[in-house]
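Heads up: the structure comes next, in structure tokens.
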Amino acid sequence: MSKSLQAIRGMNDILPEQTPLWRYFEGTVARLLDNYGYRQIRMPIVEFTELFKRSIGEVTDIVEKEMYTFDDRNGDSLTLRPEGTAACVRAVLEHGITGGGQVQKLWYIGPMFRHERPQKGRYRQFHQIGCEVFNLDGPDIDAELIVLTWRLWGELGIRDAVKLELNSLGTAEARARYRDALVEFLSARLEHLDEDSQRRLKTNPLRVLDTKNPDTQAVLVDAPKLADYLDEESRVHFEGLKARLDAAGIPYVINPKLVRGLDYYSKTVFEWVTDKLGAQGTVCAGGRYDGLVEQMGGKPTPGVGFAMGIERLVLMLEALDKVPQALSRQVDVYLCAFGEAAELAALSLSERVRDQLPDLRLQINAGAGSFKSQFKKADKSGALYALILGDDELAQQVVGFKPLRGQGEQQSIAWDALAAHLATCVVQG
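In my numbering, each number is its position in the sequence shown, counted from 1, plus 2.
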């Protein structure tokens, strides 16, 4: 096949047999967010490049190496969004919905784009669900976001497979003092740092803490600790967060090396990590960014949020065998009709049933076929029951009702009683 007729590397099709699990996951998250009082916002996937340079930071790996950036016909530099927070902040500023201290609890879903090496669970077009909260500055909202995700893991059946890591980055001023101390310490040991950490030391020193290189990790054992440089306000905030998580019974570990890869974070940062996906262990991450709105031209506005990777969580549900069995069945009832008159009656009958049972997944055999071939299709569909409509049934205004899974004899059900019978056998059962 021609290369032009293949998907771009790292940008994958999600096929019909995969989408039921995606829809289940997305629906579970959406329902939970609705129940917690979050409202959905939808932003464009393309923004002006300057938005991400200003928010994420020009010396981050994302801006330097990973963004899909291009000039449009007007000469404007545009970028496919690499993450959702900056776009959400732009949207609330543009439409003034956080003005006057209005509290906004928002969520979004959609594709993000980063040009990095594709690997299992990590792609160049990937999908996230994110939450952003504005104008709440206490640790209670930080805790709510974490409690919400903890409840989600419970509903998905994966709590035992994830671990919560926490840290506090303090205010920008506290972080600047720590940055100076860290740079001084590491500069004296430059020859012991790996090449990537040497580069980061000049551009984004806190990211050195996140290194996976064992030699650099050994150097960091004696490095200054961020906790020793925290301001009193950040300490109180962090203690308040931990107290609320303790009260909710949510286990966590403090990871002093957790810094996140984006410049805008302050105070609380957190990650939900797992060892079930190999190297790609983070499934949800976020934190507080109280200075970002002001940095982007707005008035001082507290902000906090998180994003979770849909691909990784779908992989995790599959790896842990937590896919609901019902997802393997796309059809509840399959209607087989034999002959022109029966096909016409089947169309009318099926629509009457759908009027009464809108959640029933009812499929009619599309196209003529023998009794044997239609039943083959009915069985292959995964349906629980087959409905049979031929000349004899048409004359008696009944339909044959045949179980396709498990035991049970075929019955004849009057048309007027069919919806009630299906409600008992399928919808309620």
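Glycine is no exception: its CB is placed at the ideal position from the N, C-alpha and C atoms.
Need the endpoints of the alpha helix (DSSP H) that A245 sits in, please. Indexing the sequence shown from 1 puts residue 245 at position 243. E234 to A250 is the extent of the alpha helix (DSSP H) around A245.
Nearest to D393 (by Cα), restricted to the options F373, L315, F377 and G408: Position 391 of the sequence shown holds residue 393. Among F373, L315, F377 and G408, the Cα nearest to that of D393 is on F373.
Under the three-state DSSP convention, the category E134 falls into: The sequence position of residue 134 within the sequence shown is 132, counting from 1. Strand, per DSSP.
Assigned secondary structure, I64 (DSSP; H/G/I helix, E/B strand, else coil): Translated into the one-based positions of the sequence shown, residue 64 becomes position 62. Note: I64 maps to helix in three-state DSSP.
Go ahead and label Q359 buried or exposed: buried means 16 or more other beta carbons lie within 10 angstroms of its beta carbon, across all protein chains shown. On the sequence shown, position 357 is the one that residue 359 refers to. Sequence inspection shows Leu at residue 359; the Gln mentioned does not correspond to that position. Its Cβ being crowded by 16 or more others within 10 Å, L359 is buried.
Looking at L147 and G307, is the spacing between their C-beta atoms short of 9 angstroms? Here residue 307 refers to the residue found at position 305 of the sequence shown. Here residue 147 refers to the residue found at position 145 of the sequence shown. In this structure, L147 lies closer than 9 angstroms to G307 by Cβ.
Compute the beta-carbon to beta-carbon distance between E235 and T173, rounded to the nearest angstrom, for a pair I have assumed lies under 8 angstroms. For the purposes of this step, residue 235 is identified with residue 233 of the sequence shown, where counting begins at 1. For the purposes of this step, residue 173 is identified with residue 171 of the sequence shown, where counting begins at 1. The Cβ separation is near 7 angstroms, so the contact holds.
Straight-line gap, T276 to D73 (C-alpha atoms, nearest Å): Taking the first residue of the sequence shown as 1, we reach residue 276 at position 274. Taking the first residue of the sequence shown as 1, we reach residue 73 at position 71. The straight-line gap from Cα to Cα measures roughly 39 angstroms.
Identify whether F340 lies in helix, strand or coil by the three-state DSSP scheme. Along the sequence shown, read from residue 1 onward, the residue named residue 340 stands at position 338. Coil, per DSSP.
Local Cβ density within 10 Å of T218, reported as buried at 16 or more and exposed below that: As a position in the sequence shown, residue 218 is number 216, starting the count at 1. Buried: at least 16 other Cβ atoms inside 10 Å.
Distance between E175 and L232 (C-alpha atoms, nearest Å): Within the sequence shown, residue 232 is the residue found at index 230, counting from 1. Within the sequence shown, residue 175 is the residue found at index 173, counting from 1. Spanning the two alpha carbons is a distance of roughly 9 angstroms.
Starting from A287, follow the alpha helix (DSSP H) in both directions and report where the run begins and ends. Within the sequence shown, numbered from 1, the residue matching residue 287 stands at position 285. It is not in any alpha helix (DSSP H) - A287 instead sits in the beta strand (DSSP E) that spans T284 to R290.
If you run the structure through DSSP and keep just helix, strand and coil, what is R75? Walking along the sequence shown from the start, residue 75 turns up at place 73. Here R75 sits in coil by DSSP.
Can you check which of these residues, D212, P326 and R356, is closest to A422 by C-alpha distance? Here residue 422 is taken as the residue at index 420 of the sequence shown, counted from 1. When each option's Cα is compared against that of A422, the closest is R356.
By DSSP's criteria, G112 is part of a beta bridge. Which residues make up the other side? By 1-based counting over the sequence shown, the position of residue 112 is 110. Beta-bridge pairing links G112 to Q130.
Sheet register partners of P405 (DSSP bridge): Taking the sequence shown and counting its residues from 1, one reaches residue 405 at position 403. DSSP lists Y387 as partners of P405.
If you measure between the beta carbons of V261 and Y254, is that distance less than 9 angstroms? Your numbering for residue 261 matches position 259 in the sequence shown. Your numbering for residue 254 matches position 252 in the sequence shown. Against a cut-off of 9 angstroms, the Cβ pair of Y254 and V261 comes out as no contact.
Per DSSP, E167 is paired with what? Locating residue 167 in the sequence shown gives position 165, where the first residue counts as 1. In the DSSP output, where bridge partners are listed per residue, E167 has V255 and E273.
What are the boundary residues of the beta strand (DSSP E) that includes M298? Reading the sequence shown from its first residue, position 296 is the one you call residue 298. Note, M298: premise wrong, no beta strand (DSSP E); not H, not E.
What do you get for N206, buried or exposed, if any count of 16 or more other CB atoms within 10 angstroms of its CB means buried? Taking the sequence shown and counting its residues from 1, one reaches residue 206 at position 204. Looking at its Cβ environment, which holds 16 or more other Cβ atoms inside 10 Å, N206 is buried.
Between the Cα of E157 and the Cα atoms of G59, L349 and L34, which residue gives the shortest distance? Walking along the sequence shown from the start, residue 157 turns up at place 155. Ranking the options by Cα distance to E157, first place goes to L34.
Counting only runs of 4+ residues fully inside the region 167-219, write out the alpha helix (DSSP H) ranges in chain order. 174-189 and 197-205
Mapping the DSSP letters down to three states, classify G103 as helix, strand or coil. The residue labelled residue 103 in the question sits at position 101 within the sequence shown. Of the three classes helix, strand and coil, the one that applies to G103 here is helix, per DSSP.
To the nearest angstrom, how far is it from the Cα of T1 to the Cα of K259? Nothing can be reported for residue 1, as the shown portion of the chain is limited to 3 through 431.
Does the region 281-291 come within contact of the region 311-323, defined as at least 3 CB pairs closer than 8 angstroms? yes
Nearest to L317 by alpha carbon, out of G98, G102, R124 and V105? Position 315 of the sequence shown, counting from 1, holds the residue named residue 317. Answer by Cα proximity: R124.
Taking a contact to mean a Cβ-Cβ separation below 9 angstroms, would you say N137 touches I256 in this structure? Residue numbering aside, residue 137 sits at position 135 when the sequence shown is read from its first letter. Residue numbering aside, residue 256 sits at position 254 when the sequence shown is read from its first letter. No, Cβ-Cβ distance for N137 and I256 is not below 9 angstroms.
Which first and last residues belong to the alpha helix (DSSP H) in which M310 is found? For the purposes of this step, residue 310 is identified with residue 308 of the sequence shown, where counting begins at 1. Segment G305 to G311 is the beta strand (DSSP E) holding M310; no alpha helix (DSSP H) there.
Out of Q413, V335, F128 and R83, point me to the one whose CA is closest to V400's CA. Position 398 of the sequence shown, counting from 1, holds the residue named residue 400. That would be Q413, whose Cα lies nearest to the Cα of V400.
Short Cβ contact (9 angstroms threshold) for L108 with Q42: Here residue 108 refers to the residue found at position 106 when the sequence shown is read from its first residue. Here residue 42 refers to the residue found at position 40 when the sequence shown is read from its first residue. In this structure, Q42 lies closer than 9 angstroms to L108 by Cβ.
Quick check: what's the CA-CA separation for R83 versus Y180? Start at 1 with the first residue of the sequence shown, and residue 83 comes out as number 81. Start at 1 with the first residue of the sequence shown, and residue 180 comes out as number 178. Approximately 31 angstroms between the Cα atoms of the pair.
Rounded distance between the beta-carbons of L386 and V335, thought under 8 angstroms: Numbered from 1 along the sequence shown, position 333 holds the residue referred to as residue 335. Numbered from 1 along the sequence shown, position 384 holds the residue referred to as residue 386. That pair is a contact at about 7 angstroms.
Counting only the same chain and skipping the five closest in sequence on each side, list residues whose C-beta sits under 7 angstroms from that of K55. Numbered from its first residue, the sequence shown carries residue 55 at position 53. Counting only Cβ-Cβ distances below 7 angstroms, and skipping sequence neighbours, we find V65.
Buried or exposed for E395, please, with buried defined as at least 16 other CB atoms from any protein chain shown within 10 angstroms of its CB. Looking up residue 395 in the sequence shown gives position 393. That one is buried.
Does the structure place the region 161-168 close enough to the region 191-201 that three or more beta carbon pairs sit under 8 angstroms? no
If we ignore side chains and look at the alpha-carbon of each, how far apart do D162 and C133 end up? By one-based count along the sequence shown, residue 162 stands at place 160. By one-based count along the sequence shown, residue 133 stands at place 131. Rounded to whole angstroms, D162 to C133 spans 23 angstroms at the Cα level.
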